[in-house]
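First residue of the sequence shown? That's 29 in the numbering used here, and the numbers climb one at a time after it. Where is the CB? At the ideal position from N, CA and C, for every residue including glycine.
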Amino acid sequence: MSGTRGTGEGHGRLGSTLSGLAVALGCVLFLGGFAWGAIVYQPYTVPTDSMAPTISSGDRVLAERIDGAEVERGDVVVFKQASWGDLPMVKRVVAVGGDTVACCTQDRLTVNGKKIEEPYLPEGGAAESSTIPSIEVPEGRLFLLGDERSGSLDSTAHLTEAGNGTVPRSAVNARVDAVAWPMDGMLARPTGFETLGGISEPGPLRLVLAAVVGGAVLVLGGAAYGPVAKRAGRRRGRAGAGERALAG
């Protein structure tokens, strides 16, 4: 009898220790994940449908804070440009410094003479609502378009300005990784630009979410151990009392 009770108490102490460790580790992961996300990502609310259907008006996006030098073709970026209104805007980079961009050839945008597949455009939508003359993007600058080409005030609306509608890389504040609300998830990778060179890899958003979710599971699981163990102990106690009563 005493050996059984001692074994049960030993298991109880071990379980309590493991439960405490799970809660502690869970707190570190949960809070650390939130802190990491807050440092790396900035939320934005998109005010227009110029990036539809990729991003619609009112959507909340998560954008990774990056340096403009890291921007690649196909990235959806958040930027501010004084001549465009000096407010945060969201557009897609279709050409970078040194590229020649034009539209349209067989109803497709061309960059450096190569036709670009753009599956993110609205179904049945044109690659551009009007002709884009052949433009060489100056070094250190970006040519940007909205995915909803017919209603987007993008580089095509600023072609007469210095730089032919381009913006400097330094104007970029962040790169959009995902639509957080509604929960559409990660943006599709712009693989149509791969023929021109490398495209950006997503930021650490999946790792951030995994840390937060994993931490929450550990905290809840560890916290639930106490009540579950107590209930199991009461059941064992009642079963032991019944056995002693039968033996008597």
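Check: Selection from F221, Y69, C131 that minimises the alpha carbon distance to L235; Outcome: Y69
Check: Proximity to G213 [Cα-Cα], best of G220, D205, V121; Outcome: D205
Check: Collapsed DSSP secondary structure at R101 in the structure displayed; Outcome: coil
Check: Rounded C-alpha distance that separates A273 from V51; Outcome: Model confidence at A273 stands at a pLDDT of 49, short of 50, so the residue's coordinates are unreliable; what they give is reported in the following sentence. Straight-line Cα distance between these residues: approximately 40 Å.
Check: Secondary structure of I67, DSSP reduced to three states; Outcome: helix
Check: Beta strand (DSSP E) segment containing W112, residue limits; Outcome: Note, W112: premise wrong, no beta strand (DSSP E); not H, not E.
Check: Nonlocal neighbours in the same chain, by C-beta distance under 6 Å from G102, ignoring five residues either side; Outcome: P218, F221, I227
Check: Whole-number beta carbon distance between G174 and K119, since they are thought to touch under 8 Å; Outcome: 6 Å
Check: Supposed contact pair I94 and A202 - C-beta distance, whole angstroms, cut 8 Å; Outcome: 6 Å
Check: Straight-line gap, P342 to L248 (C-alpha atoms, nearest Å); Outcome: Residue 342 is absent from the structure shown; the chain starts at 29 and stops at 276.
Check: Unbroken beta strand (DSSP E) run spanning M117, endpoints; Outcome: 117-124
Check: CA-to-CA distance, L115 to D135, given in whole angstroms; Outcome: 31 Å
Check: The region 71-87 touching the region 176-185, judged by at least three CB pairs closer than 8 Å; Outcome: yes
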